[in-house]
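Take a look at the structure set out below.
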Amino acid sequence: MLAAIRPDSWNFPLLLHVFGAMVLVGGLVTAVTALILGWRRDTAAYTRFAFWTLLVLVLPAYIVMRVGAEWIFSKENFVEGQEPDWIGIGYITADLGALLILITLIVTGIANRRLRSADGGTSVLARVSAVLTSIILAAYIVAMWAMSAKPG
Amino acid sequence: MSFTDWLLFLHIASAFALVAALVTFWSVAIAARNVDRPVDSLRYFRISKPANILITVGTIGTLIFGIWLAIDFDAYKVWDGWILIAIVLWAIAAGTGQRGGMTYQQAAQLAGRLDAENRGAEPSAELKAMLQNRQAMWLTIISSVAVLLILIDMIYKPGA
Numbered sequence: 002m003l004a005a006i007r008p009d010s011w012n013f014p015l016l017l018h019v020f021g022a023m024v025l026v027g028g029l030v031t032a033v034t035a036l037i038l039g040w041r042r043d044t045a046a047y048t049r050f051a052f053w054t055l056l057v058l059v060l061p062a063y064i065v066m067r068v069g070a071e072w073i074f075s076k077e078n079f080v081e082g083q084e085p086d087w088i089g090i091g092y093i094t095a096d097l098g099a100l101l102i103l104i105t106l107i108v109t110g111i112a113n114r115r116l117r118s119a120d121g122g123t124s125v126l127a128r129v130s131a132v133l134t135s136i137i138l139a140a141y142i143v144a145m146w147a148m149s150a151k152p153g
Numbered sequence: 029m030s031f032t033d034w035l036l037f038l039h040i041a042s043a044f045a046l047v048a049a050l051v052t053f054w055s056v057a058i059a060a061r062n063v064d065r066p067v068d069s070l071r072y073f074r075i076s077k078p079a080n081i082l083i084t085v086g087t088i089g090t091l092i093f094g095i096w097l098a099i100d101f102d103a104y105k106v107w108d109g110w111i112l113i114a115i116v117l118w119a120i121a122a123g124t125g126q127r128g129g130m131t132y133q134q135a136a137q138l139a140g141r142l143d144a145e146n147r148g149a150e151p152s153a154e155l156k157a158m159l160q161n162r163q164a165m166w167l168t169i170i171s172s173v174a175v176l177l178i179l180i181d182m183i184y185k186p187g188a
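In the order they appear, the protein sequences are chains A and B. Sequential numbering from 2 applies to the first sequence in the numbering used here. Sequential numbering from 29 applies to the second sequence in the numbering used here.
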């Protein structure tokens, strides 16, 4: 029961938004797991997997989630400046999350490149990626709570 | 936050856990598809370990909190058509997902056994065949499509 009764024209944008958000969280869980596993061993292999997960899964899912969010927001006709709190939480986490995803993608990409040429070992950049990805995931869990419980 | 709000949050959180697990399984299944060395496959199986917990929490949580929500929320009844459709799809997703996952579990056990026998770096045709098992792949596809249909059903609520 993902939402109460709403006009039919809102369904597809909502589906897009929710589906994108679910795949986004799934991709982040996958990337975080790989980066944490690579903290001490097999860093190169786990960082490569995390980088491709972020690039092929997380980034496109973010775009789908964000497009769906903007689309449904345009239909809800909120009065500017008087939007409920959960909309604000959604915007902050989505926009800050986008910035963090891009930074993480770049950092993980550099770590992946260095590890490949270094032929093994651990990487500080990969550890930074693990922390950043965990922060993004935590932020989106808060956003999911705000979107479902709708405080304010 | 009311009790219903909490139920809704837990229901949606469970759905997110379920899809997150499927996303991890698919990522690992695709990445490990051409792997034949136990040591390499074990690396991928380690990534999917948290997903094993998420799939259990998500599968059970969506059903329990969903039914609880239908009982708690006056506008809906458990026997509403769209809720019954969701329950049938849930059963299909859970059944096929479990059956498909068994092959990958057996592959993980085989890889673990070969690695324990110090044969982790040697290619294994049996392991590769398990990781490329078409039946397991199709069962996982059916399970994932059923989950997607549940999401569509939850949003469109046909007949509500």
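Even for Gly, the Cβ is constructed at its ideal location relative to N, Cα and C. Being a predicted model, the structure only gives us computed values, none of them experimental.
For residue i, return the contacting residues in chain B, with the cut-off set at a CB-CB distance below 7 Å.
i: Val26 of chain A; result: Phe44, Ala48
i: Ser149 of chain A; result: Leu36, Phe37, Ile40
i: Ala46 of chain A; result: Arg71
i: Leu133 of chain A; result: The contacting residues do not exist; Leu133 of chain A stays about 18 Å from chain B at best.
i: Met66 of chain A; result: Within chain B, no residue comes near Met66 of chain A; the closest Cβ sits about 12 Å away, beyond 7 Å.
i: Leu15 of chain A; result: Ile183
From the DSSP output, in three-state form, read off residue i for me.
i: Asp9 of chain A; result: helix
i: Glu145 of chain B; result: coil
i: Lys105 of chain B; result: coil
i: Glu154 of chain B; result: helix
i: Asp277 of chain B; result: No statement about residue 277 of chain B is possible, as the shown extent of chain B runs from 29 to 188 and does not include it.
i: Phe74 of chain A; result: helix
i: Thr123 of chain A; result: coil
i: Asn161 of chain B; result: coil
i: Gln137 of chain B; result: helix
i: Arg49 of chain A; result: helix
i: Trp87 of chain A; result: helix
i: Pro152 of chain A; result: coil
i: Asn80 of chain B; result: helix
i: Val24 of chain A; result: helix
i: Asp68 of chain B; result: helix
i: Asn113 of chain A; result: helix
i: Ile169 of chain B; result: helix
i: Asp33 of chain B; result: helix
i: Gly187 of chain B; result: coil
i: Asp43 of chain A; result: coil
i: Val57 of chain A; result: helix
i: Arg74 of chain B; result: helix
i: Phe79 of chain A; result: coil
i: Val63 of chain B; result: coil
Please say whether residue j and residue i have beta carbons closer to each other than 8 Å?
i: Val30 of chain A; j: Thr52 of chain B; result: yes
i: Gly94 of chain B; j: His39 of chain B; result: yes
i: Thr124 of chain B; j: Ile170 of chain B; result: yes
i: Val24 of chain B; j: Met23 of chain A; result: Not covered by the structure: residue 24 of chain B. The range shown for chain B is 29 to 188.
i: Ala32 of chain A; j: Leu97 of chain A; result: no
i: Ala112 of chain A; j: Ser130 of chain A; result: yes
i: Gly148 of chain B; j: Pro78 of chain B; result: no
i: Leu50 of chain A; j: Ala35 of chain A; result: A small correction: the amino acid at residue 50 of chain A is Phe; Leu does not occupy that position in the sequence shown. Cβ atoms of Phe50 of chain A and Ala35 of chain A: closer than 8 Å.
i: Leu133 of chain A; j: Leu101 of chain A; result: yes
i: Pro152 of chain A; j: Met29 of chain B; result: yes
Quick check: what's the CA-CA separation for residue i versus residue j?
i: Ala114 of chain B; j: Ile178 of chain B; result: 5 Å
i: Leu116 of chain A; j: Trp54 of chain B; result: 25 Å
i: Arg74 of chain B; j: Asp43 of chain A; result: 12 Å
i: Gly187 of chain B; j: Ile142 of chain A; result: 31 Å
i: Ile64 of chain A; j: Ala147 of chain A; result: 20 Å
i: Phe139 of chain B; j: Ile90 of chain A; result: The displayed chain sequence assigns Ala, not Phe, to residue 139 of chain B. Using only the alpha carbons, I get a separation of about 45 Å.
i: Met130 of chain B; j: Ala164 of chain B; result: 8 Å
i: Asp102 of chain B; j: Leu15 of chain A; result: 23 Å
i: Ser149 of chain A; j: Asn78 of chain A; result: 19 Å
i: Asn62 of chain B; j: Leu97 of chain B; result: 43 Å
i: Ala135 of chain B; j: Met158 of chain B; result: 6 Å
i: Val108 of chain A; j: Ile111 of chain B; result: 44 Å
i: Ser75 of chain A; j: Val68 of chain A; result: 11 Å
i: Gly82 of chain A; j: Leu138 of chain A; result: 28 Å
i: Ile93 of chain A; j: His18 of chain A; result: 16 Å
i: Tyr132 of chain B; j: Pro8 of chain A; result: 43 Å
i: Arg141 of chain B; j: Ile120 of chain B; result: 32 Å
Along chain A, in chain order, which residues have C-beta atoms closer than 8 Å to that of residue i?
i: Thr52 of chain B; result: Gly27, Val30, Thr31, Thr34
i: Ser172 of chain B; result: None at all; the shortest Cβ gap to chain A is about 11 Å.
Below 9 Å on C-beta distance, what does residue i contact in chain A?
i: Pro151 of chain B; result: What Pro151 of chain B touches in chain A: nothing, since even the nearest Cβ is about 17 Å away.
Could you name the residues of chain A that residue i contacts, counting a contact when the two beta carbons are closer than 7 Å?
i: Arg74 of chain B; result: Leu38
Run down chain B in chain order and give the residues with a C-beta less than 9 Å from the C-beta of residue i.
i: Phe52 of chain A; result: Result: empty, since nearest Cβ-Cβ is about 12 Å, beyond 9 Å.
i: Pro152 of chain A; result: Met29, Asp33
Using the beta-carbon of each residue, which ones in chain B are nearer than 8 Å to residue i?
i: Asp96 of chain A; result: The premise fails here: Asp96 of chain A is roughly 20 Å from chain B at the closest Cβ pair, so nothing lies under 8 Å.
i: Val19 of chain A; result: Leu179, Ile183
i: Leu58 of chain A; result: Val51, Ser55
Using Cβ-Cβ distances below 8 Å, what residues of the region 30–41 of chain B are close to chain A? Asp33, Trp34, Leu36, Phe37, His39, Ile40, Ala41
Name the residues in the region 176–188 of chain B whose C-beta lies less than 9 Å from a C-beta of chain A; which are they? Leu176, Leu179, Ile180, Met182, Ile183, Tyr184, Lys185, Ala188
Chain-ordered residues of the region 60–71 of chain B with a beta carbon less than 7 Å from chain A: Arg71
By the 8 Å beta-carbon criterion, what residues does the region 90–101 of chain B contribute toward chain A? Gly94, Leu97, Ala98, Phe101
Quick one, which residues of the region 73–88 of chain A are near chain B if we go by CB-CB under 8 Å, in chain order? none
Could you name the residues of the region 99–126 of chain A whose beta carbon sits closer than 9 Å to any beta carbon of chain B, in the order they occur along the chain? none
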